[in-house]
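Protein chains in written order, with our numbering: chain G, 2 to 281; chain F, 2 to 281; chain Z, 2 to 281; chain V, 2 to 281.
Backbone N, C-alpha and C define an ideal beta-carbon position, used for all residues, glycine too.
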């Protein structure tokens, strides 16, 4: 995964390096934010390549790439062995739909990731989670001891996972927590952002009389509901649908959007680009 | 079309009246905003019935309904001869997609309405409109003479149409104009309201990195982009789509949503209920 | 739920009867297969009404309806206490997605039905099912003893449920079994019927190069994949999606379509009309 | 646009050639039908690159590519100056929706192609077409003189266009005609193929009670409705929709699917791969 200032010759250099090293490209995606400006150094370039490489050729491979290619183009880059699944930690409150859907998909090997633990500020979902053979940690979040709660979560998360996903976790994470964690955090918001940011989106959607309700998966930043969007989808509602029906249909689209976003992140298909994402 | 405080016996009374008068119900739709409260006078009830009635039985029919049924339940009601299409006036600026789609549907008899005239603050679309055999009125709207422009429009619209539709009319209509007009006005907004209210929605959508863009047809009220929503739809976009591509795809969903809303209104299938709509 | 030859006065008679008996209509839907023919006795009429009725007025209510209304119009009709959920038996083979989704919705009270037992020709899913507190019956279906297997299933199903649902049950049910069962049976077929009837639909879809794959829930009849369709939906695929990806995405749309069909059936919202369905 | 047997080094060779020649890649897409087999010569590889090249470097550029790159990998390839739009000829019968939608998009510069002429076996649409400043040719197709009709069409098409598109042209083109024409032909079929191949798809869809109707754009081959699919989409219908409503909604999805397929073809984004397509 590569990003750098756009300029001629990047693909040639990367693909030539891979070919010479004996790698075989399986899949390749690229995106220029402003392709016609590349000659003049404008725009950003993003490249994602999947390739196979024989085990006996891997030693020093990444270092060589860094020296021979990445440095020349001042690339931000990372290389990931796709046989090594990302470790996912789940935070959840009491709603089970996003969590269970994710656990099912994980068990069916649909997720290309390893779920490693579940943390909740409630006890409710313990037996469901443990039935999947996963550890469940209860970390209460009383209004007067959130700092301690977040501290406890940090201990449970750091060094144990590569990404944290919020499967309807109804607590706001502090900026200090996010900084200390230093890992990507994915949230599912139950509306079509930027409509209905904040609390009670279905109730406000019902009052506004919208004809579609949606869900948005995004990276969490210090700005509430303002982080880069990974995926969104909607489902149709009518005047005849009650608030309960909004919530029921919303749950359906939430769990699908959430699972897609987690999967794509774990397949290293999402790159942040300012406050937006490039999804390959 | 009937709306009134919900209470037992409404359907029985209406259908009994129609049966006794020799009418045959073709289609019937109803909606209670709070059905379990009807026994206690809570909630609102909405009823729409299509029926046939022999020509020689129509005299005095509406009056009888008023006296025998509507008064008893304190109904707000209207009766409309569906053989008499609604007269539609179109306001447009320079974008042709919503206008042409509507004119074409009208020519194909898809609209169940009569388009009677087109008014624009530009000359651009005259020949397209006249090719459909429709009168085209150019009413300029210079910043310093909007009052005069709206006055001229009032003369062109009043008594000549039953509904005014804005097929991408890029001027804000004043509250005075709307009051003086006294007719329903339908607008197409090029975003999924309430996201991106106001100007430049596609540009803001691109900046926010949304994965879906939408369109919203709504009744115009004095509050900009705040009126009751009739219909909405969305279309998928990706990071790779330019602003121009957002606009192109948006145009596609705009014209469909707009045509649906106009059609439903002209078939008397939309009732305003506070700041929302009931669409049968 | 009422169906009969279309004719004037049906709604008036039914709603007048309900009003006089003290019932309050909560929801009403109707459909005429040929509304303009009603005066001449053509077309079929379908009516579904939900109503509340005080407990002390229920005695003899259904009988009175039969004598006073249904007989007069020669109606096919049934009345169902919605507080009494339908009993659902599930047949499944080894694929878990439709089953688990259904059990989870049942636990969340989304289904408006009672799942009472699960029968499988494999042992695989026993622990998943038992974790929901449901009995799991293993009824093998060896090619040379299908008759015995179906006999055993009949014993397990008859008198124990109101509807049988096939959550990816990969055995063909014989006409004798269906006749002896005498209950509605709902199947989920993993394609957009009538495309790709029969076995291997995803493989054939991949070979044909379709751009959408779908799922169809239908009532089972003696004609394989030919019964009345209750619900269908599709999901987009591309040339780049492997057969495995077709199957994964297909599973997603299968479980949603299946759950919708089961729910609608259990809410008494589906009427068979020849080889089609009316879904209110 | 390149296709060849998959093997290591293709991307490196192509991108190195382009870089050395001073070209700047604007967009690149690739697809391996079986990426893990590339080392052993299995699978097919497809590559599409858009690039800019200064005018003074174009002489001999394509020849050099042929000699230095294409020959080495035994590529099937073509290079197209995107500033030179494809020339499109339209065949149509009496239905105007696919035709007019295409002509609008062409006039709005949405199509990235030049529509050059319209041929019809009816006179009906002449004035509509001529209003766009396009020549309209009436070529009757009486059952006893189809051969002469096709001969006349050949004269009108050959050397005058790069692709022929059937905007609801209700005549079957003979294999002899297709062979003699030697150009790609795109058809819009009014169903979700392979469901409802042949005549009367909406009528058969209504009888079968489907819940979605669709449209399919595909390349025409000698096998009726059997050619490679370019694009498909569907729209929801219910039991309450009449056959006329099926046709009306179908027309909407037909014209969108058709316009997408024509656009993608004219942007050189579609490659035939056996009886399927790769759409970049």
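Contact with chain V by residue i, beta-carbon distance below 8 Å
| i | result |
| --- | --- |
| residue 200(F) | no |
| residue 83(G) | no |
| residue 111(F) | yes |
| residue 105(F) | yes |
| residue 25(G) | yes |
| residue 101(F) | yes |
| residue 243(G) | no |
| residue 16(G) | yes |
| residue 132(F) | yes |
Residue i, buried or exposed, once every other Cβ within 10 Å from all chains shown has been counted against 16
| i | result |
| --- | --- |
| residue 33(V) | buried |
| residue 208(Z) | exposed |
| residue 31(V) | buried |
| residue 161(Z) | exposed |
| residue 120(Z) | buried |
| residue 29(V) | buried |
| residue 49(Z) | buried |
| residue 36(F) | buried |
8 Å Cβ cutoff, residue i in contact with chain G
| i | result |
| --- | --- |
| residue 193(F) | yes |
| residue 204(F) | no |
| residue 10(V) | yes |
Closest Cα partner of residue i within the set the options
| i | options | result |
| --- | --- | --- |
| residue 142(Z) | 183(Z), 127(Z), 92(Z) and 190(Z) | 92(Z) |
| residue 43(V) | 64(V), 25(V) and 7(V) | 7(V) |
| residue 256(V) | 55(V), 106(V), 11(V) and 228(V) | 106(V) |
| residue 187(G) | 153(G), 159(G), 226(G) and 193(G) | 226(G) |
| residue 159(Z) | 118(Z), 196(Z) and 86(Z) | 118(Z) |
| residue 80(G) | 61(G), 181(G), 146(G) and 90(G) | 61(G) |
| residue 205(Z) | 245(Z), 172(Z) and 218(Z) | 245(Z) |
| residue 73(F) | 128(F), 14(F) and 201(F) | 14(F) |
| residue 59(Z) | 25(Z), 76(Z), 40(Z) and 123(Z) | 25(Z) |
| residue 171(V) | 200(V), 148(V) and 149(V) | 200(V) |
Residue-chain proximity (residue i, chain F), Cβ-Cβ < 8 Å
| i | result |
| --- | --- |
| residue 188(Z) | no |
| residue 161(Z) | no |
| residue 65(Z) | no |
| residue 286(Z) | A question about residue 286(Z) goes unanswered here, because the residues of chain Z that appear run from 2 up to 281. |
| residue 171(V) | no |
| residue 249(V) | yes |
| residue 53(G) | no |
Separation of residue j from residue i, as counted between CA atoms
| i | j | result |
| --- | --- | --- |
| residue 175(Z) | residue 250(G) | 36 Å |
| residue 114(Z) | residue 55(F) | 46 Å |
| residue 78(Z) | residue 3(Z) | 4 Å |
| residue 53(F) | residue 38(Z) | 11 Å |
| residue 198(V) | residue 192(V) | 8 Å |
| residue 266(Z) | residue 70(Z) | 25 Å |
| residue 47(V) | residue 259(F) | 40 Å |
| residue 135(V) | residue 242(Z) | 41 Å |
| residue 27(G) | residue 45(V) | 12 Å |
| residue 165(G) | residue 89(G) | 6 Å |
| residue 131(G) | residue 116(G) | 12 Å |
| residue 185(V) | residue 124(V) | 25 Å |
Closer than 8 Å to chain Z by CB, residue i
| i | result |
| --- | --- |
| residue 254(F) | no |
| residue 224(V) | no |
| residue 32(V) | yes |
| residue 94(F) | no |
Any non-hydrogen atom of the ligand ADP within 7 Å of residue i CB
| i | result |
| --- | --- |
| residue 256(F) | The model depicted lacks the ligand ADP and carries no ligand whatsoever. |
Proximal residues of chain A, C-beta to C-beta of residue i below 7 Å
| i | result |
| --- | --- |
| residue 210(V) | Given the protein chain composition of this structure (G, F, Z and V), no chain A is represented. |
Taking 8 Å as the threshold, find out whether the region 229-236 of chain Z comes into contact with the region 205-216 of chain V through three or more Cβ pairs.
Counting Cβ pairs under 8 Å, three or more are found: they touch.
With three or more C-beta pairs closer than 8 Å as the rule, is the region 9-27 of chain G touching the region 19-38 of chain V?
Yes, the region 19-38 of chain V is in contact with the region 9-27 of chain G.
Counting Cβ pairs closer than 8 Å, one from the region 94-113 of chain Z and one from the region 62-69 of chain Z, do we hit at least three?
No, they do not touch.
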